[in-house]
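Student: Attaching a single structure in structure tokens format; questions to follow.
Number of protein chains: 2
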Amino acid sequence: MKQPQARKTRRQSLQIRRARKIDRDAIWQIFRAVVARGDTYVFDPHISRTRALGYWFNQRRRCYVALSDEGIVGTYVLNANQPGLGSHVANAGFMVAPSAQGRGIGRAMGEHCLREAERLGFRAMQFNFVVSTNETALRLWKDLGFRIVGRLPGAFHHADEGFVDVYVMYRRLTPVV
Amino acid sequence: MKQPQARKTRRQSLQIRRARKIDRDAIWQIFRAVVARGDTYVFDPHISRTRALGYWFNQRRRCYVALSDEGIVGTYVLNANQPGLGSHVANAGFMVAPSAQGRGIGRAMGEHCLREAERLGFRAMQFNFVVSTNETALRLWKDLGFRIVGRLPGAFHHADEGFVDVYVMYRRLTPVV
């Protein structure tokens with residue numbers, strides 16, 4: 072039982088709240104570090120600050136940050152995956168500061184995000200682009216009830232491994248409303 | 072051999088070219104008529120002209136029209152499905168004027184689009200949102216070499232049938248470059 076205990080302790084010091092304008096610099100530092108690796112996210116590893124924040128803070132998205140004693144250690148966005156007749160399905164994207172990985176921050180944000188999506192009335196959540204070599208993400212999303220519903224052959228150009236497959240993952244939700 | 076002959080004759084009178092500003096009204100009429108049905112496209116059936124054309128003529132997309140003797144009878148858009156490390160996969164959307172359906176215009180545009188995508192260097196094409204009840208589209212895309220690579224449970228709110236599944240379809244391309 073040691074590990075869950077440890078996880079709980081870590082989580083108690085983690086606060087997750089909506090992002091504010093003042094968080095932009097911290098979010099950009101995380102975004103830049105995560106995409107620079109070219110191994111998990113589709114964004115150009117050399118994306119500009121303006122483009123990155125323009126995407127993350129897009130008006131269609133709700134943006135959140137995870138704060139530990141060290142400051143902002145993670146961020147996620149939540150939005151409808153499609154407009155109109157597909158807007159009952161949510162989509163989300165998650166980034167954890169490389170220096171803070173392995174501490175359950177992604178899981179805490181994932182759980183927070185699922186609750187938020189249900190509170191907002193979404194009926195399901197879909198991830199459009201989970202890189203097949205990203206085992207940490209795959210394990211986490213499966214743990215949180217997602218399953219692979221699609222496989223896109225060679226759809227990601229991995230910085231080290233070349234063209235690799237991408238998964239589409241999906242999970243039903245129980246909207247609160 | 073009668074049907075292919077007939078199809079060939081019809082296609083000879085069909086011209087497909089890049090859309091121009093002057094085509095906007097004709098495109099909007101098609102867009103409005105297609106989405107009003109709420110049975111194939113995800114857009115709000117009551118979408119405004121501004122929003123519809125803003126989407127269709129988005130700068131990230133190349134927009135084409137199909138012209139018969141009657142004028143513009145179809146339109147399609149071609150774009151990268153993802154930015155950066157996913158930008159080698161194309162995405163496209165097609166609309167045929169309801170009054171011109173069943174005459175091979177969708178097929179002609181589909182074939183044109185595949186050639187354009189290869190010419191532009193794309194390595195694959197992905198459709199993110201093929202409504203499972205849209206048998207005409209499913210048959211056409213299978214005919215043109217696409218296969219279903221994903222299934223999204225209940226991801227479309229069909230005007231008549233309620234929540235129905237959606238397919239993700241994919242096809243490799245042989246880029247010219």
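Chains A and B supply the protein sequences, listed in that same order.
Using our numbering, you'd call the opening residue of the first sequence number 72 and step up by one each time.
Using our numbering, you'd call the opening residue of the second sequence number 72 and step up by one each time.
Even glycine gets a Cβ: it sits at the ideal position worked out from N, Cα and C.
(1) Evaluate A230(A) with the Cβ neighbour count: other Cβ atoms within 10 Å of its Cβ, from every protein chain shown; 16 or more gives buried, anything less gives exposed.
(2) Which whole runs of the beta strand (DSSP E) in the stretch 198-233 of chain B are 3 residues long or more, in chain order?
(3) Rounded to whole angstroms, how far is the Cβ of P246(A) from the Cβ of E189(A), which I believe are closer than 8 Å?
(4) With 16 as the cutoff for other CB atoms within 10 Å, does R242(A) come out buried or exposed?
(5) Among all the DSSP beta bridges, which residues are the ones paired with I143(A)?
(6) Please report whether the beta-carbon of A226(A) lies at a distance below 7 Å from any beta-carbon of chain B.
(7) Mind listing the chain A neighbours of P154(B)? Cutoff is C-beta to C-beta under 7 Å, in chain order.
(8) Quick check on the DSSP output: the beta strand (DSSP E) that includes R89(A) runs from which residue to which?
(9) Suppose the cutoff is 8 Å on Cβ atoms and the five residues either side in sequence are ignored; what does the same chain contact list for N150(A) look like?
(10) Chain C beta carbons: is any one of them nearer than 7 Å to that of R222(A)?
(11) Taking only beta-carbon positions, decide if G157(A) is within less than 7 Å of chain B.
(12) I'd like the span of the beta strand (DSSP E) that includes F102(B), first residue to last.
(13) At least one CB of chain A closer than 7 Å to the CB of V201(B): is that the case?
(14) Going by C-alpha distance, which of H228(B), G125(B), A137(B) is nearest T204(B)?
(15) Whole angstroms are fine: how far does the CA of D96(B) sit from the CA of M196(B)?
(16) Going by beta-carbon coordinates alone, are H159(B) and R186(B) separated by less than 7 Å?
(17) Quick one: using the 10 Å Cβ neighbour count with 16 as the cut-off for buried, is Q153(B) buried or exposed?
(18) Please compile the residues from chain B whose C-beta is within a distance smaller than 9 Å of the C-beta of V247(A).
(19) Is Y112(A) helix, strand or coil when you go by DSSP?
(20) I'd like the list of long-range same chain contacts for A107(A), defined as Cβ closer than 7 Å, with 5 residues on each side in sequence excluded.
(21) For chain B, check one thing: does any of its Cβ atoms lie closer than 7 Å to the Cβ of V160(A)?
(22) Determine the DSSP secondary structure at P169(A), reduced to helix, strand or coil.
(23) For the alpha helix (DSSP H) containing L124(A), list its first residue and its last residue.
Tutor: Result, derived from the coordinates:
(1) On the first sequence, position 159 is the one that residue 230(A) refers to. Label assigned to A230(A): exposed.
(2) Look at the stretch 198-233 of chain B and you find these whole runs of beta strand (DSSP E), each 3 residues long or longer: 218-229.
(3) Residue numbering aside, residue 246(A) sits at position 175 when the first sequence is read from its first letter. Residue numbering aside, residue 189(A) sits at position 118 when the first sequence is read from its first letter. Contact flag correct, Cβ pair sits at about 6 Å.
(4) Residue numbering aside, residue 242(A) sits at position 171 when the first sequence is read from its first letter. It counts as buried.
(5) As a working mapping, residue 143(A) is identified with position 72 in the first sequence. In DSSP, I143(A) forms a bridge with L138(A).
(6) Position 155 of the first sequence, counted from the start, is the residue given in the question as residue 226(A). So, interface residue.
(7) What you label residue 154(B) is simply residue 83 of the second sequence in a count that begins at 1. In chain order: V113, F114, D115.
(8) The count along the first sequence starts at 1 and reaches residue 89(A) at position 18. Start and end: 86-89.
(9) Start at 1 with the first residue of the first sequence, and residue 150(A) comes out as number 79. Around N150(A): N129, R131, R132, R133, A161, N162, A163.
(10) Going by chain labels, chain C is absent from the structure shown, which instead holds the protein chains A and B.
(11) Here the question's residue 157(A) lines up with position 86 in the first sequence. So, interface residue.
(12) As a first step, residue 102(B) must be located in the second sequence, where it is residue number 31. That residue, F102(B), is in no beta strand (DSSP E); its alpha helix (DSSP H) goes 95-107.
(13) Within the second sequence, residue 201(B) is the residue found at index 130, counting from 1. It does not; no Cβ of chain A falls within 7 Å.
(14) Locating residue 204(B) in the second sequence gives position 133, counting from the first residue. Of the listed residues, the one whose Cα sits closest to T204(B) is H228(B).
(15) Position 125 of the second sequence, counted from the first residue, corresponds to residue 196(B). Position 25 of the second sequence, counted from the first residue, corresponds to residue 96(B). Roughly 28 Å between the two C-alpha positions.
(16) Taking the second sequence and counting its residues from 1, the one referred to as residue 159(B) is at position 88. Taking the second sequence and counting its residues from 1, the one referred to as residue 186(B) is at position 115. Contact: no.
(17) Taking the first residue of the second sequence as 1, we reach residue 153(B) at position 82. Flag for Q153(B) reads buried.
(18) The sequence position of residue 247(A) within the first sequence is 176, counting from 1. In chain order: nothing, as chain B lies at least about 18 Å away.
(19) Taking the first residue of the first sequence as 1, we reach residue 112(A) at position 41. Of the three classes helix, strand and coil, the one that applies to Y112(A) here is coil, per DSSP.
(20) Here residue 107(A) refers to the residue found at position 36 when the first sequence is read from its first residue. Excluding five sequence positions before and after A107(A), the CB atoms of its chain that fall closer than 7 Å to its own CB belong to P116, given in chain order.
(21) Indexing the first sequence from 1 puts residue 160(A) at position 89. Cβ-Cβ to chain B under 7 Å: yes for V160(A).
(22) As a working mapping, residue 169(A) is identified with position 98 in the first sequence. In the three-state reduction of the DSSP assignment, P169(A) falls in the helix class, which pools H, G and I.
(23) Taking the first residue of the first sequence as position 1, residue 124(A) is located at position 53. 120-127 is the span of the alpha helix (DSSP H), which, as asked, contains L124(A).
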